[in-house]
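Beneath this line is the structure, given in C-alpha cells, with notes to follow.
Protein chains: 2
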Amino acid sequence: MKLIIVGGVAGGASAATRARRLSEAAEIVLFERGPDVSFANCGLPYYIGGVIEERDRLLVASPESLRTTFRIDVRLQSNVEAIDRVKKTVLVRDLVTNRSYEESYDKLILAPGAAPLRPPLPGIDLPGIHTLRHMQDMDRIRAAVDQGVKQAIVIGAGFIGLELVENLVHRGVKVALVELQDQILPPLDKEMTTPLMDALKQHGVAVHLGQSAESFTSSGQGIQVQLKSGQTLAAPLVILGVGVRPENQLAAAAGLEVGPRGGIRVNAQMQTSDPDVYAVGDAIESRDFITGDPAQLALAGPANRQGRLAAEHALLGRPVAFRGFQGTSIVGCFQITAAMTGASEKSLRRASRPFHAIYVHPSHHAGYYPGAEAMTIKLLFEPKTGKIWGAQIVGRHGVDKRIDVLAIAIQAGMTVFDLEQAELAYAPQYGSAKDPINMAGFVAAGLLRGDHPQITAADLLALPEGQRPLVLDVRTADEFAEDHLPGAKHIPVDGLRSHLGELPKDRSIVTYCRVGQRGYLAARVLLQHGFEVRNLSGGIKAYRMVVPN
Amino acid sequence: MKLIIVGGVAGGASAATRARRLSEAAEIVLFERGPDVSFANCGLPYYIGGVIEERDRLLVASPESLRTTFRIDVRLQSNVEAIDRVKKTVLVRDLVTNRSYEESYDKLILAPGAAPLRPPLPGIDLPGIHTLRHMQDMDRIRAAVDQGVKQAIVIGAGFIGLELVENLVHRGVKVALVELQDQILPPLDKEMTTPLMDALKQHGVAVHLGQSAESFTSSGQGIQVQLKSGQTLAAPLVILGVGVRPENQLAAAAGLEVGPRGGIRVNAQMQTSDPDVYAVGDAIESRDFITGDPAQLALAGPANRQGRLAAEHALLGRPVAFRGFQGTSIVGCFQITAAMTGASEKSLRRASRPFHAIYVHPSHHAGYYPGAEAMTIKLLFEPKTGKIWGAQIVGRHGVDKRIDVLAIAIQAGMTVFDLEQAELAYAPQYGSAKDPINMAGFVAAGLLRGDHPQITAADLLALPEGQRPLVLDVRTADEFAEDHLPGAKHIPVDGLRSHLGELPKDRSIVTYCRVGQRGYLAARVLLQHGFEVRNLSGGIKAYRMVVPN
C-alpha cells in the first residue's frame, strides 16, 4: 500500500502519523509545498504579538522527526501539480530544482488547506498589504512591527482579525479595524459581540463596521485604504483577514467534485468523488452537524480528526464516519472571551428552523468567592423537544469551560432539560451549586414548560407599534434611576403584590430586572394573578447588548 | 396547599423559593433550627483562611429577602421535633422561647442536612476540638486562628479536610493531617492523589495515612491526639472532618424508611415512604447514576436540584425525576486541582463491573503557547461498549473544564468513541486542536479497537513473578539515565526498527515512555512485527503516581 498525502500541516500531518501507526508496511509519502510541516498556524498572531517568544515553538513537528520516528518520506517545497486518477499518479514539481516527476499512489489524501482571500481590488498587491497563513507571512508582519510600525489597518473582524488586533495593540500599534458586516465576529449573533466591541473601543481600536476597502494606494504614510463610505484610512501596515478559499485547484482539475463555495466534496469517510482520493481539512465541504446542510469550516480540530479518519479508512477500510462540523470556536481579545458552538440565531433563521433563544448572565464561580465575574450565555433550542441547537458565550472567565460542556451536550443530542439535571463540579473557586449550565437549563426549560414566559430584547423591539406591551421595571429605585427601558413603568418586585391594581389586564406586560431573576419572579406573580406577561430574557443587561447606551 | 419545609440551607431554601415561584397561592412555612438560612457552607473554609474577607458574603439569602421577596414564612431557631403523619402536623419548638406548637401541612419537605461525625472517643468533647458545619463552627475556628494558634491537627483528608488544611497553612498555621485510609481524598483512586500528596509535603503538612485518632487529652500544648500507631500529636486546635451522618432522627421517629447508612429513603420524585413527605439534600439515600445502587452524597449541587424537584412534585404533581448521584466533585489545594465524576476504579471493583482504565497527561492548552501545564486524566470505561464509567483528573489548570465535559458525557451515556469525535473550543490559550478530552478518547478507543494494547502500572505490578514481561523503555538515553522502571531494557523509539532482533518473541513486552505517546508508537511497531506487546498506559509518569520515587 502506497499512500500519498498532499499537504503537511494539521490534517495532512495527522493523516501521515496515523497512517504509520496503523501500518508499518505502508509506504507513506508526504508532499508539502512550503518549507515547514506541521506548524501551529493558530499561534501565528501570538508570535507577532510577542506572547509566544520563540519562533521554533510554532514548529510542532519537524520534517526530521516525521522521517526518523515515523518513517514518512517527507518532501518539502514540493508542489503537486496534477493528479492522473486513471494511472493513479501525481505530478510533482520540486520547487528547489524546478524538476518535475511522477509518483504513483494506491490511495491519495489531499490536505491542501485554504488560502486567505485577496479580493481583486486596485492596489491589492502593494507592498505593506499582508495576509497571514504561513510562518513566512508571520515573519513579514512581525518584521514590520519590530521595525517600529505604529499604525496598522486590519481588514476583517473574524477570529484571526481580532487576534491580530489584540497582538498589534499589545505591541503598541494603533489599529483600525474594518469589517464588511455590521458586526465583528460574523459567525456570532451581533448582540453577543457587544462586550468585545466595548473592549476594542476601550483599547483605542477604531472599528469601522459595514465597510469594505475599495482600493489601496501608496502614500507618504504607507498604504491609503479607500473605504466604501468615502473615508480614507492610512497606515504602513495592512493585514487582510477577510476569509479563506479552499485550495481546490488540484482537485477540480482532476475532475473531483467541488461544492458551490469551493470546498472539495467528501463523504463521511472523507472520500472525494473518487473513492481512492480522500480530502481533509480546510479544503473540504462536509456537513453541518446541526442542519445536515453542506458546510465548510477552517478549524484545526476537525482537520486533525479528519486526517486520522482518512488514514484509517484508506489503509484499513474501517467503517469510520466524520460527524460533520459543529462550529465550536473561541477567541480571546483584551481579556474578553467569546465562544460559540452549534447553530447561531442567524444560521437557524437562514435554515428556517424553529427556535427559542434565552439569555442568562451567571457568575463564572460562586458569587461569595472573590473574583466572580459574570458571563452572558445565549442558548438556542428547538421549541417542541428542547433539543439544543447552539450556544454562544461571552465573558471574562469560565467561558471556555461552559462552551465545551455545551458542545458535548449538542454532540449527544441533549435537551435543555438535561442541562437542568447536569451534575457539574462545584467548589467555590470553580463553579456554583447552580452552575451557569444549570441556570441556562432552568431558564430554557421554564420557558418550554410555560412556567417562565419570556421575550428576547430583539423580539420586543420588533413588535409593531400597536402591539407594544407595558414594560415593567421591577428593580430598585436606584437601579431604575441609573438606566431603564424607554417608557418603562417602575414597581420593585418586593412591593409588586400590593400594586397589582396599577397594572392593566387588557394589555400584555413585559417584566424586566437587571439579569432576569427578579423579572422572572415578577412574571410568576403576575401570571398567577391573571395578567398576560412575559419576562425580558436576560433583563436590561441583555437589552443593552442589543441597544447599547 | 400548605407546604412545610424543614431546613433552610441548600435543598430547603431551593425548595421554598421554587415553591413560591410555582404557586402564589401556596402557604409556605420554612423552619430552620439555626440562626441563618441559605448560607454558603462550601465557603466556610475560605473565610477561616481569610480568602473570603467578609463574613456576610456567605449569607446567600437573608431571612428578610425570603419573607419580603418570596412571601415565605421563615421561622428561625425553630426545631421540628416530631411529625404526626396521620394528623399531618409537625411539632415545633421555638428555641428562643422554648415554647412548642403544632403546625399542620399538606405536604412536607425534609431538608435537615447531615451532621459531622464525632466518633465517641475518649476526650472527643474537649474544648479545642471542632467540626465544621455551621457559620458558628466557622467563627470558633477562625477565632482560634485569629488569636494566633500556630499548630493544628486536621483529622480526615476528604474534600473539606484538604480545604481546611490549605486555608490553615495560608494563615501561617502548621498542620498535621490524619487519615484513616491509606490515601488522601478517599473517593478518588489512590494513585490520582499523588500530586496532591506531593503538594502537601511541599507546604510542610505532616500527613499521617492509615491512622486513626484513639483518644484526646488536654495538655500544655492544647490537645494531645493519641494515634492508633502509638504516636502522639499535639496542637491547640483540632478539627474533625471524618464524614457526615444524615440527620434522620426526625424521619426515623416518624416511621419513614431509612437506609442502612442512615439516609432517608426517597424515590426519584424525592418522596419518602410517605408520599406526602419529601426529603432532599445531604440527609437522603438516592441512587448511584452509574451502578443504580443506593447511594448517599453530601453535595450542594444535587441538594439544590432535589429541592426544586420536590417543590415541583409536591405542589403540582409534575412527572419530575431525579437521575441519581453522579459524584462529580472537585477540590483545590495548593494550586493543584483534583476532580472526579462517575465511578472510580475502586467503586467499579466493589460493584464487580468490568472496566478498562487508561491514563493520559495532556497539556491544558496548546504546548506552544506560554504556560501550558500537564494534567493527568484517568478514564474508566466499559470494555465491550466503551461506555464511560467515570473519570478522575489532577493538575494545575483546566481540570475543572475537562471534568465537567466528562460529567456531561457520562450523563449522556456517551462512549470513548464519542470523545474521539468531540469538537471542542480551540484557540491556543484555551485548549489544543487535539483537546485532552480527544486524547483520552483516542487512547481509550485505541485500546478497544486493538490498535493500542495497554497495561496499567497497577496491573503490571500485580503480575506474578513468572509472568513478568520484558519492560522496554523507548525514551532517550538522558531520560533513561534520570529514572527508569526496575529491570527495564532501553531502546529509543527512533532506533527501534533496527533493533528488533534484540527483542524476544517468546515473552511478552511492555513498552513505555514518559507519558505514553512514544510507547504507543513502539508498541505499534512491535505489534506489527509479531511481538506480543502492550504499552504502559500513561508511561513512567503514571507509574510514578503508583510507585513514587
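Chains as they are written, first to last, in this note's numbering: chain A, 1 to 549; chain B, 550 to 1098.
Cβ atoms here follow ideal geometry from the backbone N, Cα and C, with glycine treated the same way.
Step through the CB atoms of chain A and report whether any lies within less than 7 Å of the CB of tyrosine 596 of chain B.
Reading the second sequence from its first residue, position 47 is the one you call residue 596 of chain B. No, tyrosine 596 of chain B does not count as interfacial toward chain A.
With the cut-off set at 7 Å, would you say arginine 245 of chain A and alanine 115 of chain A are in Cβ contact?
On the first sequence, position 245 is the one that residue 245 of chain A refers to. On the first sequence, position 115 is the one that residue 115 of chain A refers to. Yes, they are a contact pair.
At what residues does the beta strand (DSSP E) containing glycine 891 of chain B begin and finish?
Sequence index remark: in the second sequence, residue 891 of chain B carries index 342 (1-based). Boundaries of the beta strand (DSSP E) harbouring glycine 891 of chain B: 885-891, taken from the DSSP string.
In this structure, what does DSSP give as the bridge partners for aspartate 73 of chain A?
Taking the first sequence and counting its residues from 1, the one referred to as residue 73 of chain A is at position 73. Aspartate 73 of chain A is bridged to A:Val29.
So which residues of chain A does glutamine 960 of chain B contact, with C-beta pairs closer than 9 Å?
For this step, residue 960 of chain B is matched to residue 411 along the second sequence. Within chain A, the residues near glutamine 960 of chain B are Ala409, Ala412, Met414, Asp418, Gln421, Ala422, Glu423.
Determine the direct distance from the alpha carbon of leucine 1021 of chain B to that of isoleucine 1040 of chain B, and round the result to whole angstroms.
Counting from 1 along the second sequence, the entry for residue 1040 of chain B is found at position 491. Counting from 1 along the second sequence, the entry for residue 1021 of chain B is found at position 472. When rounded, the distance between both Cα atoms is 7 Å.
State the CB to CB distance for the pair phenylalanine 708 of chain B and valine 880 of chain B, rounded to an integer number of angstroms; the pair is presumed to be in contact (CB under 8 Å).
As a first step, residue 708 of chain B is located in the second sequence; it is residue number 159 there, counting from the start. As a first step, residue 880 of chain B is located in the second sequence; it is residue number 331 there, counting from the start. About 5 Å; that satisfies the 8 Å criterion.
Please say whether histidine 914 of chain B and alanine 921 of chain B have beta carbons closer to each other than 7 Å?
Your numbering for residue 921 of chain B matches position 372 in the second sequence. Your numbering for residue 914 of chain B matches position 365 in the second sequence. In contact: alanine 921 of chain B and histidine 914 of chain B (Cβ atoms closer than 7 Å).
Does DSSP put histidine 862 of chain B in a helix, a strand or coil?
As a working note, residue 862 of chain B is residue 313 in the second sequence. Helix.
Beta carbons nearer than 9 Å to chain B: which residues of the stretch 514-526 of chain A have them?
Arg518, Tyr520, Leu521, Arg524, Val525
Within 10 angstroms of the Cβ of lysine 699 of chain B, are there 16 or more other Cβ atoms? Answer buried if so, exposed if not.
What you label residue 699 of chain B is simply residue 150 of the second sequence in a count that begins at 1. Label assigned to lysine 699 of chain B: exposed.
Output, in chain order, the set of chain A residues within a Cβ distance shorter than 9 Å of serine 878 of chain B.
Position 329 of the second sequence, counting from 1, holds the residue named residue 878 of chain B. Going along chain A in sequence order, the residues near serine 878 of chain B (Cβ under 9 Å) are Ala425, Tyr426, Ala427.
Locate the beta strand (DSSP E) running through threonine 781 of chain B, then write down its first and last residues.
What you label residue 781 of chain B is simply residue 232 of the second sequence in a count that begins at 1. Per DSSP, threonine 781 of chain B belongs to the beta strand (DSSP E) from 781-784.
Identify which residue in A:Cys513, A:Gly395, A:Leu447, A:Asp400 has its Cα closest to the Cα of glutamate 420 of chain A.
In the first sequence, the residue the question calls residue 420 of chain A occupies position 420. For the residues A:Cys513, A:Gly395, A:Leu447, A:Asp400, the minimum Cα distance to glutamate 420 of chain A belongs to A:Leu447.
Starting from the beta carbon of glycine 158 of chain A, find every residue of chain B whose beta carbon is closer than 8 Å, and list them in chain order.
Taking the first sequence and counting its residues from 1, one reaches residue 158 of chain A at position 158. Here the premise fails: no neighbours, minimum Cβ distance about 12 Å.
Residues bridged to valine 92 of chain A by DSSP?
Against the first sequence, residue 92 of chain A aligns to sequence position 92. Partner(s): A:Val80, A:Tyr101.
Please return the same chain residues whose Cβ sits closer than 6 Å to the Cβ of glutamate 285 of chain A, not counting the five positions on each side in sequence.
Counted from its first residue, the first sequence places residue 285 of chain A at position 285. The residues are Gly259, Gly263, Arg265, Pro294, Gln296.
My assumption, with CB atoms under 8 Å, is that alanine 152 of chain A sits in contact with leucine 168 of chain A. Please give the rounded CB distance.
As a first step, residue 152 of chain A must be located in the first sequence, where it is residue number 152. As a first step, residue 168 of chain A must be located in the first sequence, where it is residue number 168. That belief holds up - the Cβ atoms of alanine 152 of chain A and leucine 168 of chain A are roughly 5 Å apart, short of 8 Å.
If the criterion is Cβ atoms closer than 7 Å, does the pair leucine 776 of chain B and isoleucine 704 of chain B meet it?
In the second sequence, counting from the first residue as 1, residue 776 of chain B sits at position 227. In the second sequence, counting from the first residue as 1, residue 704 of chain B sits at position 155. No. Outside cutoff.
Suppose you measure from the CA of lysine 434 of chain A to the CA of glycine 850 of chain B; what does that come to, to the nearest Å?
Taking the first sequence and counting its residues from 1, the one referred to as residue 434 of chain A is at position 434. Taking the second sequence and counting its residues from 1, the one referred to as residue 850 of chain B is at position 301. Distance from the CA of lysine 434 of chain A to the CA of glycine 850 of chain B, rounded to the nearest whole angstrom, comes to 6 Å.
I'd like to confirm the pairing. Which residues does DSSP put opposite tyrosine 908 of chain B in its beta bridges?
Walking along the second sequence from the start, residue 908 of chain B turns up at place 359. BP columns for tyrosine 908 of chain B point to B:Lys927.
Roughly how far, in whole angstroms, is the beta-carbon of alanine 407 of chain A from the beta-carbon of alanine 971 of chain B, given that I think they are within contact range, below 8 Å?
For the purposes of this step, residue 407 of chain A is taken as the residue at position 407 of the first sequence. For the purposes of this step, residue 971 of chain B is taken as the residue at position 422 of the second sequence. The beta carbons of alanine 407 of chain A and alanine 971 of chain B sit about 7 Å from each other, so the pair counts as a contact at 8 Å.
Helix, strand or coil for asparagine 987 of chain B? Go by DSSP, reduced to three states.
Residue 987 of chain B sits at position 438 when you count from the first residue of the second sequence. The answer is helix: DSSP assigns asparagine 987 of chain B an H, G or I state.
Do valine 1082 of chain B and alanine 1006 of chain B have their CB atoms nearer than 7 Å?
Translated into positions along the second sequence, residue 1082 of chain B becomes position 533. Translated into positions along the second sequence, residue 1006 of chain B becomes position 457. No, these two residues do not count as a Cβ contact at 7 Å.
If alanine 339 of chain A sits next to aspartate 953 of chain B, beta carbons under 8 Å apart, how far is it from one beta carbon to the other, in whole angstroms?
The residue given as residue 339 of chain A occupies position 339 in the first sequence. The residue given as residue 953 of chain B occupies position 404 in the second sequence. Actually they are not in contact, since the Cβ atoms of alanine 339 of chain A and aspartate 953 of chain B sit about 14 Å apart, beyond 8 Å.
Can you tell me the Cα-Cα spacing of isoleucine 678 of chain B and alanine 1071 of chain B, whole angstroms?
Within the second sequence, residue 678 of chain B is the residue found at index 129, counting from 1. Within the second sequence, residue 1071 of chain B is the residue found at index 522, counting from 1. Isoleucine 678 of chain B and alanine 1071 of chain B: Cα-Cα distance of roughly 56 Å.
In the DSSP assignment, find the beta strand (DSSP E) that holds arginine 57 of chain A and state where it starts and stops.
In the first sequence, the residue the question calls residue 57 of chain A occupies position 57. For arginine 57 of chain A, no beta strand (DSSP E) segment is defined, and its DSSP state is neither H nor E.
Is it true that the CB of isoleucine 5 of chain A sits closer than 7 Å to the CB of glycine 12 of chain A?
Mapped onto the first sequence, residue 12 of chain A falls at position 12. Mapped onto the first sequence, residue 5 of chain A falls at position 5. Yes; because the gap between Cβ atoms is below 7 Å, this pair is in contact.
Can you check which of these residues, B:Val714, B:Leu657, B:Ala1030, B:Val791, is closest to valine 635 of chain B by C-alpha distance?
Indexing the second sequence from 1 puts residue 635 of chain B at position 86. It is B:Leu657.
Measure the C-alpha to C-alpha separation of glycine 1044 of chain B and valine 1074 of chain B and round it to an integer number of angstroms.
Within the second sequence, the letter at position 495 stands for residue 1044 of chain B. Within the second sequence, the letter at position 525 stands for residue 1074 of chain B. Between glycine 1044 of chain B and valine 1074 of chain B, the C-alpha separation is close to 11 Å.
What residues in the stretch 593-625 of chain B have a beta carbon less than 8 Å from any beta carbon of chain E?
Although the question refers to chain E, the structure presented lacks it and instead comprises the protein chains A and B.
Spell out the partners DSSP gives lysine 387 of chain A in its beta bridges.
In the first sequence, residue 387 of chain A corresponds to position 387, counting from 1. Lysine 387 of chain A is bridged to A:Thr415.
Which chain A residues are close to glutamine 875 of chain B, counting only those with a beta carbon under 7 Å from its beta carbon?
As a first step, residue 875 of chain B must be located in the second sequence, where it is residue number 326. Per Cβ cutoff of 7 Å: Glu423.
Alpha carbon to alpha carbon, how far is glycine 113 of chain A from glutamate 24 of chain A? Give it in angstroms, no decimals.
Position 24 of the first sequence, counting from 1, holds the residue named residue 24 of chain A. Position 113 of the first sequence, counting from 1, holds the residue named residue 113 of chain A. One C-alpha to the other measures close to 27 Å.
Between aspartate 400 of chain A and chain B, is the shortest Cβ-Cβ distance under 7 Å, so that the two count as touching?
Numbered from 1 along the first sequence, position 400 holds the residue referred to as residue 400 of chain A. Yes, because at least one Cβ of chain B sits closer than 7 Å to the Cβ of aspartate 400 of chain A.
Report the CB separation of valine 207 of chain A from leucine 256 of chain A in whole angstroms; it is logged as a contact under 8 Å.
Within the first sequence, residue 207 of chain A is the residue found at index 207, counting from 1. Within the first sequence, residue 256 of chain A is the residue found at index 256, counting from 1. Incorrect: roughly 40 Å between the Cβ atoms, too far for contact.
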